[in-house]
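Count along the sequence shown from 1, add 2, and you get the number used in the numbering used here.
Where is the CB? At the ideal position from N, CA and C, for every residue including glycine.
All values derive from a computational prediction rather than experimental measurement.
Report on the structure given below.
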Amino acid sequence: MFQKPLVAYDGSEQSCKALQVGIGLAQKLGVDLASITVEEELPPYIADTPMPGAFITPEVVELIDEQRKTYYDVLTQGAVVQALEQGVTLRAAVVAGDEVDAVADYARAQESDLLLVGFHRHSKLVDRFLGSTAHGLTLAAPCCVLAVK
Numbered sequence: 003m004f005q006k007p008l009v010a011y012d013g014s015e016q017s018c019k020a021l022q023v024g025i026g027l028a029q030k031l032g033v034d035l036a037s038i039t040v041e042e043e044l045p046p047y048i049a050d051t052p053m054p055g056a057f058i059t060p061e062v063v064e065l066i067d068e069q070r071k072t073y074y075d076v077l078t079q080g081a082v083v084q085a086l087e088q089g090v091t092l093r094a095a096v097v098a099g100d101e102v103d104a105v106a107d108y109a110r111a112q113e114s115d116l117l118l119v120g121f122h123r124h125s126k127l128v129d130r131f132l133g134s135t136a137h138g139l140t141l142a143a144p145c146c147v148l149a150v151k
């Protein structure tokens with residue numbers, strides 16, 4: 003049935019549930035699992051050229067970049083270990099960009115046939131004006147989407 007499942011994973015409670023479902027599914031199907039984590043970009047006031055007199059120097063920006071890389075390495079390696087402990091090989095990738103576009107593009111490039119995403123409800127106001135990442139992925143993904151709550 004599904005041969006190339008992909009989990010959108012950001013370490014949140016909902017994505018951890020999606021990862022667990024993905025691992026269980028990969029076990030049952032006897033396939034490898036992939037995960038995609040979208041790296042949050044630095045805010046422009048940090049990422050751009052520091053302002054004169056500001057405390058944010060190029061060295062501070064470099065330190066923040068190093069900490070961010072370490073954070074995502076630890077996050078994805080934790081998922082890889084979790085999968086291995088359950089007998090599943092997990093290929094974890096980290097990309098930068100808009101969450102919905104980056105995940106959909108990665109799923110397309112990897113020819114994934116199932117995307118697992120964590121789902122939780124926002125307030126009606128937030129849903130109305132901003133929508134949710136899970137909803138956006140449902141519309142943008144090139145494959146079937148399984149929303150895990």
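Please state if the CB of residue j and the CB of residue i are separated by a distance shorter than 8 Å.
{"i": "Q19", "j": "Q112", "result": "Note on residue identity: the sequence assigns Lys, not Gln, to residue 19. Result no, Cβ atoms of K19 and Q112 do not sit closer than 8 Å."}
{"i": "V150", "j": "V23", "result": "yes"}
{"i": "A36", "j": "V90", "result": "no"}
{"i": "L141", "j": "L8", "result": "no"}
{"i": "A85", "j": "A109", "result": "no"}
{"i": "A81", "j": "Y11", "result": "yes"}
{"i": "A104", "j": "V40", "result": "yes"}
{"i": "A94", "j": "L139", "result": "no"}
{"i": "I25", "j": "Q88", "result": "yes"}
{"i": "M3", "j": "L21", "result": "no"}
Does the beta-carbon of residue i have 16 or more other beta-carbons within 10 angstroms, so that it is buried, or is it exposed?
{"i": "L65", "result": "exposed"}
{"i": "T135", "result": "buried"}
{"i": "S17", "result": "buried"}
{"i": "V76", "result": "exposed"}
{"i": "V83", "result": "exposed"}
{"i": "V128", "result": "Note on V128: pLDDT 47, under 50, position unreliable in the model; the coordinate value appears next. With fewer than 16 other Cβ atoms within 10 Å, it is exposed."}
The alpha helix (DSSP H) with residue i in it runs from where to where?
{"i": "E87", "result": "60-87"}
{"i": "A136", "result": "135-142"}
{"i": "V105", "result": "101-111"}
Since residue i and residue j are thought to touch, with beta carbons under 8 Å apart, how far apart are those beta carbons, to the nearest angstrom?
{"i": "C146", "j": "D115", "result": "7 Å"}
{"i": "T72", "j": "V96", "result": "About 12 Å; that fails the 8 Å criterion."}
With residue i as the anchor, note down where its beta strand (DSSP E) starts and where it stops.
{"i": "V33", "result": "From DSSP, V33 is part of no beta strand (DSSP E); its letter is neither H nor E."}
{"i": "L44", "result": "That residue, L44, is in no beta strand (DSSP E); it is neither H nor E in DSSP."}
{"i": "G120", "result": "116-120"}
{"i": "C146", "result": "146-150"}
{"i": "V96", "result": "92-98"}
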